[in-house]
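**Q** Take our numbering: the final residue in the sequence shown is number 131, and no numbers are missing along the way.
From the three backbone atoms N, C-alpha and C, an ideal C-beta is built for every residue, glycine too.
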Amino acid sequence: MDAGAAARATSAVSSIPRDQDGPVFRAPWEAQAFAMALTLHDRGVFTWPEWAAALADQIKRAQAAGDPDTGETYYQHWLATLEHLVAAKGVTTTETLHRYRDAWDHAADRTPHGQPIVLTAADFE
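(1) Would you grab the beta carbon distance between LEU125 and ALA113 for me? Rounded to a whole angstrom, and I think it's under 8 Å.
(2) Which residues bound the alpha helix (DSSP H) around HIS104?
(3) To which residues does DSSP link GLY24 through a beta bridge?
(4) Contact check, ALA18 vs ALA58 under 8 Å by CB: the rounded distance?
(5) If you measure between the beta carbons of VAL30 and LYS95, is that distance less than 8 Å?
(6) For my contact list, LEU1 and HIS83 are in at a C-beta cut-off of 8 Å; report their separation, rounded to the angstrom.
(7) Measure the Cβ-Cβ separation of ALA41 and GLY28 and say whether it is below 8 Å.
(8) In three-state DSSP terms, what is TYR64?
(9) Just how far apart, CA to CA, sit GLY72 and TRP35?
(10) Leaving out five residues on either side along the sequence, give the residues of the same chain with a beta carbon under 7 Å from the beta carbon of GLU89.
(11) Only counting runs of 4 or more residues, tell me where the alpha helix (DSSP H) segments fall wholly within the region 37 to 89, in order along the chain.
(12) Should GLN69 be labelled buried (16 or more other beta-carbon atoms within 10 Å of its own) or exposed?
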């Protein structure tokens, strides 16, 4: 991950969990979601103020629906915001996102524990 890009993101989005070294993650998927947002920002898909507003809206909706906001769900909101913005910006469709999510779920279900998950054409059926 580009340390400069991560520093710019943590500066622009004050809610990002961090320590003195930068962003912190509880699981690898959180770091991957963070990196995807950095890449899409660097490619001009959204600005950090736009991202921060969309993330704040997502968190408010989740809290209104009962999310206890203990910090454990932060990157779930991050991922939901990422999915929303890429669909809203026309990078992909919600249907395509769901299709790939379902395919990855299928691939994970058939993969033995400890083995790498490999997505195949059959996972889309």
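**A** If we stick to the structure as given:
(1) Sequence index remark: in the sequence shown, residue 125 carries index 119 (1-based). Sequence index remark: in the sequence shown, residue 113 carries index 107 (1-based). Yes, LEU125 and ALA113 are in contact; Cβ-Cβ is about 5 Å, under 8 Å.
(2) Position 98 of the sequence shown holds residue 104. Counting along the chain, the unbroken alpha helix (DSSP H) around HIS104 starts and ends at 100 to 116.
(3) As a first step, residue 24 is located in the sequence shown; it is residue number 18 there, counting from the start. Before going further, note that residue 24 is Arg rather than Gly in the sequence given. BP columns for ARG24 point to PRO29.
(4) As a working mapping, residue 18 is identified with position 12 in the sequence shown. As a working mapping, residue 58 is identified with position 52 in the sequence shown. That pair is a contact at about 7 Å.
(5) Taking the first residue of the sequence shown as 1, we reach residue 30 at position 24. Taking the first residue of the sequence shown as 1, we reach residue 95 at position 89. Contact: no.
(6) Because the chain in this structure spans residues 7 to 131, residue 1 falls outside the shown range and cannot be described.
(7) Your numbering for residue 41 matches position 35 in the sequence shown. Your numbering for residue 28 matches position 22 in the sequence shown. No.
(8) For the purposes of this step, residue 64 is taken as residue 58 along the sequence shown, with counting starting at 1. Checking the displayed sequence, the identity of residue 64 turns out to be Gln instead of Tyr. Note: GLN64 maps to helix in three-state DSSP.
(9) Within the sequence shown, residue 72 is the residue found at index 66, counting from 1. Within the sequence shown, residue 35 is the residue found at index 29, counting from 1. When the Cα atoms are used, GLY72 and TRP35 turn out to be separated by approximately 23 Å.
(10) Residue mapping note: residue 89 aligns to position 83 of the sequence shown, counting from 1. Same-chain partners within the cutoff: LEU103.
(11) If we require 4 residues or more, the alpha helix (DSSP H) runs fully inside the region 37 to 89 come out as 54 to 70.
(12) Looking up residue 69 in the sequence shown gives position 63. Counting every other CB atom within 10 Å of its CB across the protein chains shown gives GLN69 a total below 16, marking it as exposed.
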